[in-house]
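Step one of this worksheet: look at the structure below.
The following block contains the structure:
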């Protein structure tokens, strides 16, 4: 019987890692807000695509400014996430914010 290949990415480990990094709490909370939009079945596909793209940029190590650089490393990620939120802001509802906050507190 073939074994299912396990993904090298774990959403729980990813969010826990981000929560632990000092100075990027806002980045993590914003990314979780986009994540809550993805989970909502009523969110339009184009909004989900914007959210997925922004979170992928945050998670993948190769980006404009290497994350290993102190302070500057996550500035491009924050810009990307903030731009995505700006693009989909009309679709963000109070329950999305609540869900993002709940997820953050569970990490």
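In full-length UniProt numbering, the protein residues as written are 1 to 107. Don't be surprised by glycine CBs; every beta carbon is placed ideally from N, CA and C.
In the three-state reduction of the DSSP assignment, residue 38 falls in the helix class, which pools H, G and I. Note on the stretch 22-105: whole alpha helix (DSSP H) runs with a minimum of 4 residues are 25-39, 45-59 and 75-88, in chain order. Non-local C-beta neighbours of residue 66 in its own chain, meaning closer than 7 Å and more than five positions away in sequence, comprise 73, ordered along the chain. CA-to-CA, the gap between residue 99 and residue 26 works out to about 15 Å.
Excluding residues up to 5 positions away in sequence, 54 and 57 lie with their Cβ nearer than 6 Å to the Cβ of residue 80 in the same chain. Our two residues, residue 49 and residue 102, have alpha carbons roughly 23 Å apart in a direct line. Within its own chain, no residue has a Cβ closer than 6 Å to the Cβ of residue 94 once the five positions on either side in sequence are excluded. Nearest to residue 87 by C-alpha distance, out of 75, 68, 44 and 13, is 44.
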